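Undergrad:
In the UniProt record's numbering, the protein residues as written are 1 to 1096.
#1: Taking only the alpha-carbon atoms, compute the straight-line gap between residue 628 and residue 653 and give it to the nearest angstrom.
#2: From 834, 764, 843, 755, pick the residue whose C-alpha is nearest to that of residue 790; which is it?
#3: What is the rounded straight-line gap between the Cα of residue 1100 and the Cα of residue 904?
#4: Helix or strand or just coil, what does DSSP make of residue 504?
#5: Given 8 angstroms as the limit, is there contact between the stretch 252-268 and the stretch 228-239, that is, 3 or more CB pairs closer than that?
#6: With a 10 Å radius around its C-beta and 16 neighbouring C-beta atoms as the bar for buried, classify residue 378 as buried or exposed.
#7: Grab the span of the alpha helix (DSSP H) containing residue 869 for me, first residue to last.
#8: By DSSP's criteria, residue 252 is part of a beta bridge. Which residues make up the other side?
#9: Can you name the start and end residues of the beta strand (DSSP E) that residue 655 belongs to?
#10: Kindly give me the distance between the Cβ atoms of residue 625 and residue 602, rounded to whole angstroms, as I take these residues to be in contact under 8 angstroms.
#11: Can you say whether residue 670 is buried or exposed, counting buried as having 16 or more other CB atoms within 10 angstroms of its CB?
#12: Just to confirm, is the Cβ distance from residue 109 to residue 90 under 8 angstroms?
#13: Using only CA atoms, which one of 372, 453, 419, 459 lies nearest to residue 407?
#14: Tell me, which residues are paired with residue 80 by DSSP?
#15: Does the beta-carbon of residue 910 have 16 or more other beta-carbons within 10 angstroms, so that it is buried, or is it exposed?
#16: For residue 765, write down the residues that DSSP places opposite it in a beta bridge.
#17: Taking Cβ positions, are residue 502 and residue 484 nearer each other than 8 angstroms?
#18: Exposed or buried, residue 595, counting other C-beta atoms within 10 Å across all chains shown (16 or more means buried)?
#19: To the nearest angstrom, report how far apart residue 97 and residue 107 are at their CA atoms.
#20: With residue 902 and residue 936 assumed to form a contact (beta carbons below 8 angstroms), what rounded beta-carbon distance in angstroms separates them?
#21: Which one or two residues does DSSP pair with residue 1099 in a beta bridge?
#22: Taking three-plus beta-carbon pairs below 8 angstroms as touching, is the stretch 122-133 in contact with the stretch 162-169?
#23: Any idea which residues DSSP pairs residue 310 with across the strands?
#24: If you measure between the beta carbons of residue 402 and residue 426, is that distance less than 8 angstroms?
#25: Just the C-alpha distance for residue 952 and residue 1016, rounded to the nearest angstrom, thanks.
#26: Please name the residue in 831, 833, 765, 882 whose C-alpha comes closest to that of residue 849.
#27: In whole angstroms, what is the alpha-carbon distance linking residue 533 and residue 554?
#28: Under the DSSP definition of a beta bridge, which residues are partnered with residue 547?
#29: Does the distance from the CB of residue 589 to the CB of residue 613 come in under 8 angstroms?
#30: Using the C-alpha atoms, what's the distance from residue 350 back to residue 896?
#31: Which same chain residues end up closer than 6 angstroms to residue 568 when comparing Cβ atoms and leaving out the 5 residues on each side of it in sequence?
#32: Starting from residue 204, trace the beta strand (DSSP E) in both directions and tell me its first and last residue.
#33: Within the continuous beta strand (DSSP E) that includes residue 566, where are the two ends?
#34: In chain order, what residues of the same chain lie with their CB nearer than 7 angstroms to the CB of residue 219, ignoring the 5 residues before and after it?
#35: Might you give, ordered along the chain, the residues of its own chain that have their beta carbon closer than 7 angstroms to the beta carbon of residue 756, omitting 5 neighbours on each side?
#36: Cβ of residue 276 within 8 angstroms of Cβ of residue 299?
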């Protein structure tokens, strides 16, 4: 009986074991198949990353995935418990990830890859998950509510993605959480109170770099285990809760760049574990609490860019562990405590932009670890610390715009660690050739407007990384040594307002990266070296007030990027070279007070960006070219004291010119110019002679046009037949001559852009618009075009019903508009590609990005001071003036916003994104669908759907207001609209707009001169956003002289110009009505276009 029972039990055991193994085998096959399916949906930048993810049915193991890269299994059950594919170069989505098969997974780490799209709600199937890290990817959309069913979760890292929406209050259900990182996303709304009420185990809470608003919940003070709290770079308001002092374990507190207000709570001094306290970039006011001196573990204290006042408390000098002390951009006053020099560990000390007085403690020079010392824009007196750079580590010495005097500290001569030195605007003395040495790392130095003497040292040529050398406004003598230009990286050179003699070195021509050259107000002689014509990147040239002679070199016409040129007050003779007409980006040209002769070249009328022209006090003769009447951007002109005669052109610049700008000529006349004699009327006899000559000529021209029309129709018919043939051939041809731009070979240039962007890898993406992403492409092998970096906007295709790809009308519209316009404040289109596989536009690259981005980022917003902001506003107005009144058909942009204004390295504005722009037809009603960015759209457009220039004018007003406030002005416009009669309250409104609590709090108060300009801008804003004004015309408002060169005509209603557009524009208008792209031939010199066209 016992034996059969034993056998039965043994059989049952074997059966159970077999069933378990079969179950494991079944589960294994299903998991393997699902993971391999997900793998197949991914792109791998490194093909070997997931090479181990394979499955062979003959394998001996029942759990092959346990040996896969990034996969960890339970050693007992062989169940997958962790997947870690961080930094694996993977690209794809999670939509095919088999969440339901991995309920035992405890860790999922996919950080630092290129995953995109939304986070699937099926993630809730991972019920045992404790660690979830999806940070540093491209996930978008809202955080799925289902994710808050993961009640075992301890670590939640979703930072550095593009998640939007609010933080759900359900996050408070995850009571096991110890670490939360949702930073660097697009999250908005309030910080949930449930975080402070329920998540008592939190150690890390990072919500920085989002769009969160509201106040800081006091309940955060309940998180007694918190070590790291980072909520900076949001839109948080209200005071700092004093009960944050309850966070006794907190080591890192970051609340920078919000809109927090009120005083700094003295209770913060009780947070004894703090090592980093950063509350920069808020609206905090009052005194610095002396209790902060009790934070003995503090290594970094950031209080900059607030409204703090009073002196620096002596108690701060007790912070013996302090490494960084940042107090810049406040209203602090008094003298700097002497004991500050006793903080031996200090590496960064920033006191700039305050109201400090007295001398700087000499002990600061003894801080051997100091790398950054910023003292600028105060009222410091006395000597600079004599031992500065004692430790040999100083990199930045910024002390400009104070009242320092005395010599340069001796240690500076041997301080080879220096990268940036700014000492301008003081009273420093010394021999400049003896007090400074060789600095291999130096990039920028400004010693302007001091009392230095001596000659320029040849040693500056050994500073091989130097990009900016400014020594203007001193007492320098001698010649300019050519050695400083050999193998130099100089981009800015300003030696103006000294006593330099001799000639301009021809070696200057080797500075191929030079942007600014200012040698004015010296005693230089001789001619302008021809080599200066090779400075292809030059933007600013000022050689005025010297003793230069000979003729103006025609090679200066090669400086096509030049924006400013001043050669006045010299001894130049002979004629004005006609090649200067090539300077189409030049905005100011001054050739006055020379000995120039001959006629004014008619080619100068091609300077379409010219705003100011001064040719006065020369010996110019002849008449003013009639083509000058076409220079619609010209605002100021002075041709006085020459020998000109004949009629004055009928243009705005001449009509508005004062009498003094035209006097001193012997025979000028004009019927519309006050102070000039009327031009003589042609006699009847002369009219008859003209009739006899002109009438036959017109008849001949008419016959020629008739013949041309017949020929055109014949060519058009042949072109149609040829296009059909090429369409057939194109199906078998392998994408030949795909691209033609910047005079380069088409296929080669296309390949360069594909390689430069790694086939449009998201890593090179720098922005995204409504119909395409923008990529940065580095093209170093294009020196002949002086272009190394371009911006490429790649089109998002939308499929048609017939499975062909359709070009969005915005894409073709942008090509059509930008083909027609050319202006220094409008982004330049280099070329475009239209192809069934991928289409894109190629623009100039603007390194500073969008205005919106600059205003959003603290450091860049501070760099964008008031004068630069006025310059940007002026630039946008110039662009609108040109679009509305300087084009053959008025162009309405319809989407003027800070996101569509780009900023170049010189802080000049460029209007971009013309996808919604409209060419106005004066003979039609111009109705349209609503377009534009929320908050910038004119109300009358929303009501009437009728497009006029006033749509842009309203948007311009909102933009100017945003630049003044440093943020979107939604609340102000709402309150503004509630006024019964805004214009009757204009002065009151303008006054309120100039108060410091209205202007961007991150900047110092504007100077009186800039404040005058801001007042003018405020007046314009009031007029622009007033929807009750039918015609906005500030050109004659009496404030035009206040803001020099501001194009008020851009805000007025002028009559439309009805001129025909060129053949390329007509070509792409025709393309808009076609769903396919075929071989076409442009009307321009039989230029054949396969998928792209030249545009230089």
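The beta-carbon is built from N, C-alpha and C at its ideal position, and this holds for glycine as well. No experiment lies behind these values; they were computed from the predicted model shown.
TA: In brief:
#1: As a working note, residue 628 is residue 628 in the chain shown. As a working note, residue 653 is residue 653 in the chain shown. Cα to Cα, residue 628 sits roughly 10 angstroms from residue 653.
#2: For the purposes of this step, residue 790 is taken as the residue at position 790 of the chain shown. Closest option to residue 790, Cα to Cα, is 843.
#3: Nothing about residue 1100 can be read from this structure; the chain reaches only from 1 to 1096.
#4: Walking along the chain shown from the start, residue 504 turns up at place 504. Coil.
#5: yes
#6: In the chain shown, counting from the first residue as 1, residue 378 sits at position 378. That one is buried.
#7: Within the chain shown, residue 869 is the residue found at index 869, counting from 1. Looking at the DSSP string, the run of the alpha helix (DSSP H) that includes residue 869 is 866-885.
#8: As a working mapping, residue 252 is identified with position 252 in the chain shown. DSSP, once it has assigned bridges, lists 228, 276 as partnering residue 252.
#9: Position 655 of the chain shown, counted from the start, is the residue given in the question as residue 655. Premise fails: residue 655 lies in the alpha helix (DSSP H), 652-655, not in any beta strand (DSSP E).
#10: Along the chain shown, read from residue 1 onward, the residue named residue 625 stands at position 625. Along the chain shown, read from residue 1 onward, the residue named residue 602 stands at position 602. With a Cβ gap of about 4 angstroms, residue 625 and residue 602 count as contacting.
#11: Stepping through the chain shown from its first residue, residue 670 is reached at position 670. It is buried - the Cβ of residue 670 has at least 16 other Cβ atoms within 10 Å.
#12: Within the chain shown, numbered from 1, the residue matching residue 109 stands at position 109. Within the chain shown, numbered from 1, the residue matching residue 90 stands at position 90. No; because the gap between Cβ atoms is not below 8 angstroms, this pair is not in contact.
#13: The residue labelled residue 407 in the question sits at position 407 within the chain shown. Residue 407 has its Cα closest to that of 453, out of 372, 453, 419, 459.
#14: For the purposes of this step, residue 80 is taken as residue 80 along the chain shown, with counting starting at 1. According to DSSP, which records beta bridges pairwise, residue 80 is partnered with 73.
#15: By one-based count along the chain shown, residue 910 stands at place 910. Classification of residue 910: buried, given that the 10 Å Cβ count is 16 or more.
#16: Counted from its first residue, the chain shown places residue 765 at position 765. Residue 765 pairs with 775.
#17: Taking the chain shown and counting its residues from 1, one reaches residue 502 at position 502. Taking the chain shown and counting its residues from 1, one reaches residue 484 at position 484. Contact: no.
#18: By 1-based counting over the chain shown, the position of residue 595 is 595. Residue 595 comes out exposed.
#19: The sequence position of residue 97 within the chain shown is 97, counting from 1. The sequence position of residue 107 within the chain shown is 107, counting from 1. Between residue 97 and residue 107, the C-alpha separation is close to 15 angstroms.
#20: Working through the chain shown from its first residue, we reach residue 902 at position 902. Working through the chain shown from its first residue, we reach residue 936 at position 936. Actually they are not in contact, since the Cβ atoms of residue 902 and residue 936 sit about 16 angstroms apart, beyond 8 angstroms.
#21: A query on residue 1099 cannot be resolved here, the shown segment of the chain reaching from 1 to 1096 and no further.
#22: no
#23: The count along the chain shown starts at 1 and reaches residue 310 at position 310. DSSP, once it has assigned bridges, lists 332 as partnering residue 310.
#24: Counting from 1 along the chain shown, the entry for residue 402 is found at position 402. Counting from 1 along the chain shown, the entry for residue 426 is found at position 426. Yes, Cβ-Cβ distance for residue 402 and residue 426 is below 8 angstroms.
#25: Translated into positions along the chain shown, residue 952 becomes position 952. Translated into positions along the chain shown, residue 1016 becomes position 1016. Computed Cα separation, rounded: 19 angstroms.
#26: For this step, residue 849 is matched to residue 849 along the chain shown. Nearest of 831, 833, 765, 882 to residue 849, Cα basis: 765.
#27: If you number the chain shown from 1, residue 533 lands on position 533. If you number the chain shown from 1, residue 554 lands on position 554. The straight-line gap from Cα to Cα measures roughly 8 angstroms.
#28: For the purposes of this step, residue 547 is taken as the residue at position 547 of the chain shown. Partner(s): 525.
#29: Counting from 1 along the chain shown, the entry for residue 589 is found at position 589. Counting from 1 along the chain shown, the entry for residue 613 is found at position 613. Cβ atoms of residue 589 and residue 613: closer than 8 angstroms.
#30: Working through the chain shown from its first residue, we reach residue 896 at position 896. Working through the chain shown from its first residue, we reach residue 350 at position 350. Distance between the alpha carbons of residue 896 and residue 350 is about 37 angstroms.
#31: Here residue 568 is taken as the residue at index 568 of the chain shown, counted from 1. Contacts found: 544, 590, 592, 593.
#32: On the chain shown, position 204 is the one that residue 204 refers to. It spans 204-206 - the beta strand (DSSP E) in which residue 204 sits, taken as one unbroken run.
#33: As a working mapping, residue 566 is identified with position 566 in the chain shown. That run of the beta strand (DSSP E) goes 564-566.
#34: Residue 219 sits at position 219 when you count from the first residue of the chain shown. Contacts found: 193, 196, 197.
#35: The residue given as residue 756 occupies position 756 in the chain shown. Excluding sequence neighbours, residue 756 sits near 777, 778, 779.
#36: Reading the chain shown from its first residue, position 276 is the one you call residue 276. Reading the chain shown from its first residue, position 299 is the one you call residue 299. Cβ distance < 8 angstroms, so residue 276 and residue 299 count as in contact.
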